[in-house]
Amino acid sequence: MEHVTNLSGLAYVVITALACGMVFAHFKQPPLVGYLLAGVLLGPTGFEVVKSEGLVTSFAEIGVLMLLFIIGMELSVRTLKYTWRLAFPAVAMQTIASLMVMLIASFLLGISLSAAILLGFVVALSSTAVAVKLLEELGALRARVGRITIAVLIAQDLAFLPMLLIVENLGSNGFDLAAATQVLISGLLLFALVRLLLQQGRQHLPFYKIIIGHVDLSPLAGLVYCFGASAIMGAIGLSPAYGAFLAGLAIGNSAEREPLLAVVRPIQSVMLMIFFLSIGLLLDLNFVWENLGLVFLLFLIVTLFKSALNIFIFKLLGETWQRAFLSGVIISQLGEFSFLLAASAIAIAAITQEEAKLLISVTVLSLALSPFWLSTARRLQRIAERRLTTLKLVFDATFVGERLLAKRGARWARRSTTKTLIKARFIKNKMTEKFLDRHS
542 MEHVTNLSGL AYVVITALAC GMVFAHFKQP PLVGYLLAGV LLGPTGFEVV KSEGLVTSFA
602 EIGVLMLLFI IGMELSVRTL KYTWRLAFPA VAMQTIASLM VMLIASFLLG ISLSAAILLG
662 FVVALSSTAV AVKLLEELGA LRARVGRITI AVLIAQDLAF LPMLLIVENL GSNGFDLAAA
722 TQVLISGLLL FALVRLLLQQ GRQHLPFYKI IIGHVDLSPL AGLVYCFGAS AIMGAIGLSP
782 AYGAFLAGLA IGNSAEREPL LAVVRPIQSV MLMIFFLSIG LLLDLNFVWE NLGLVFLLFL
842 IVTLFKSALN IFIFKLLGET WQRAFLSGVI ISQLGEFSFL LAASAIAIAA ITQEEAKLLI
902 SVTVLSLALS PFWLSTARRL QRIAERRLTT LKLVFDATFV GERLLAKRGA RWARRSTTKT
962 LIKARFIKNK MTEKFLDRHS
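Take any residue in the sequence shown, count from 1 to its spot, add 541: that is its number in my numbering.
Right, dumping it as structure tokens:
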């Protein structure tokens, strides 16, 4: 009887996650936001359907490995070969500026040093899923704006790995020599793998003739690559998540990328749903209500600061105001990696439960406002097509409203026409006076 009850609870979880994901997909938003909402509805502050988070947490950890594995498979080292001059300086400036602002905010808001470093990393990273969705909706994925935005997102994905290693060492022992050595070794492994992939090109995987095309063996082989690399990295004292990412990067730049990606992605989608569902379970609505001012203040600081910072960086790297503004807005929300960093920090007690709730609340709020970013990006596309030449015109057209801007434009046109007519009449009168003087 208890077994039947567990199955019923599992059915409620899956149905709720699917329904919430479908609702957000209907409004052309990433389903992951729907999974977060499902977790909130099913969690302790909702209908309390899920009371024990043990099983969900175990699946969520597997979902983290699968997420990093798929991200590695989708990265192309050849793309970085041509875009690193723009992407890596942009990510470096984003990270340094975010850390500085969060460290200052930690003194003002009473946040611990570990939480400030974690927030700095969180602010520097953006949502790849939301950004790609926005670019697809705008039809700008292959345009210059899309290329530079994707390049920065790829660089952020690579920067996440050392961030994760640093966060994993923010516990009671602090960031000591052993932790620094771990980060250094991990960075050297990534550098060596990227160099090897660039030099050798797309090579075949071992036993690819037997694995590829086989309905049963292909998904299992993908899981073996993912969990096998994670186990090896864990055995030598490095991060298992880092191993999953390196395995995905190697496979993603091999000749078997497409068939393995096709069979592994459905498994990853289910695990990813469980991961975001588990994050939704952690969202405490009572905490949000009791600390509503702090949550919205931090959200406002993060949103405004990140928008301005991204626009400034893109402009500093030589982009036009239009492209800088559009790219800056598209990547101005917090990303999925925020939850991974938060989960790692919670696991080693690097931050308190209150700080974890604050971080999760701000991140969920940022992702939940993705419809605002989509509508803003669409408006910015129309603004870019009008070839506005100054930052003030771009700002007015974005935030003042197109109708008011049109009224201002019409008013300006009427004033210009009136001035032109007055000037023309003045010239005509002068010429008439000269003509009369000559013939008088």
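We treat Cβ as the ideally placed atom computed from N, Cα and C, and that holds for glycine.
Note that the coordinates shown come from a computational prediction; the quantities given were computed from them, not determined experimentally.
Opening and closing residue of the alpha helix (DSSP H) in which residue i lies
i: G754; result: Here G754 belongs to no alpha helix (DSSP H), and DSSP marks it neither H nor E.
i: A909; result: Q894 to A909
i: L839; result: L833 to L857
i: F878; result: F878 to A888
i: E589; result: E589 -> no alpha helix (DSSP H), and no H or E assigned at all.
i: A700; result: R685 to V708
i: P800; result: R798 to L823
i: P760; result: L758 to A776
i: I781; result: Here residue 781 is Pro; the residue named in the question, Ile, does not match the sequence. Start and end: P781 to G793.
i: F571; result: It should be pointed out that residue 571 corresponds to Pro in this sequence rather than to Phe. Unbroken run through P571: none, as it is neither H nor E.
i: S868; result: W862 to I871
Nearest residue (CA-CA) to residue i, options the options
i: I611; options: T861, V905, L813 and Q894; result: L813
i: Q740; options: V632, N794, T624 and L858; result: N794
i: F662; options: F880, F837, L910 and S868; result: F880
i: V905; options: L867, A891 and V843; result: V843
i: D757; options: K898, V805 and L746; result: V805
i: P585; options: S819, S653 and L649; result: S819
i: L839; options: I889, L858, I887 and V664; result: V664
i: V724; options: T669, L702, A733 and H745; result: L702
i: A656; options: V605, I887 and I852; result: I887
i: L746; options: I707, A788 and L705; result: A788
i: F816; options: I603, I777 and E895; result: I603
i: G687; options: G728, T624, E709 and L649; result: T624
i: V765; options: S617, A785, E831 and K898; result: A785
i: G859; options: A628, L730, L650 and G769; result: A628
i: N851; options: P630, V590 and A579; result: P630
i: R626; options: I871, F855, A909 and S902; result: F855
i: Y576; options: I753, V642 and L824; result: L824
i: S759; options: T722, E799 and G775; result: E799
i: M774; options: V590, G821, V829 and L706; result: L706
i: A849; options: L659, W830, Q874 and F768; result: Q874
i: G651; options: L867, L908 and L835; result: L835
i: R864; options: L790, A681 and L845; result: A681
i: N710; options: L737, F648, S885 and N827; result: S885
i: R685; options: V671, L867 and I889; result: L867
i: Y783; options: L730, L654 and L908; result: L730
i: V673; options: F913, L608 and I872; result: I872
i: L734; options: S771, E896 and V618; result: V618
i: L573; options: V590, L608, F588 and G587; result: L608
i: V903; options: F732, Q744 and V829; result: V829
i: G778; options: T722, L676, L654 and V811; result: T722
i: M634; options: K847, L910 and F913; result: K847
Contact belief for residue i with residue j at Cβ below 8 Å, rounded distance in angstroms
i: L801; j: I792; result: 6 Å
i: E877; j: S668; result: 6 Å
i: L616; j: I695; result: 6 Å
i: V554; j: L582; result: The Cβ separation is near 10 Å, so there is no contact.
i: L908; j: V671; result: 7 Å
i: S771; j: L606; result: 6 Å
i: G821; j: A566; result: Between A566 and G821 the Cβ distance is about 17 Å, and since that is not below 8 Å, they are no contact.
Buried versus exposed call for residue i [16 or more other C-beta atoms within 10 Å across all chains shown]
i: R955; result: Reliability fails at R955, whose pLDDT of 47 lies under 50, so the model's placement of it is uncertain and the value that follows must be treated cautiously. Flag for R955 reads exposed.
i: T690; result: buried
i: W862; result: buried
i: S780; result: buried
i: L977; result: Unreliable positioning characterises L977 in this predicted model, as indicated by a pLDDT of 49, which lies under 50. A coordinate reading is not provided.
i: I892; result: buried
i: T636; result: buried
i: M563; result: exposed
i: A831; result: The sequence given here has Glu at residue 831, not Ala. Counting Cβ neighbours within 10 Å, E831 comes out exposed, since fewer than 16 surround it.
i: M643; result: buried
i: L790; result: buried
i: I645; result: exposed
i: G728; result: exposed
i: I901; result: buried
i: G754; result: exposed
i: A883; result: buried
i: A558; result: buried
i: Q570; result: buried
i: L666; result: buried
i: A638; result: buried
i: I658; result: buried
Residue i beta carbon near the ligand FMN (any heavy atom closer than 6 Å)
i: L790; result: In the structure on display, the ligand FMN does not appear, and there are no ligands present to speak of.
request  = Jot down the residue ranges of each uninterrupted alpha helix (DSSP H) in the region 619-671, minimum 4 residues, whole runs only, in chain order.
outcome  = The region 619-671 contains these whole alpha helix (DSSP H) runs: 654-665.
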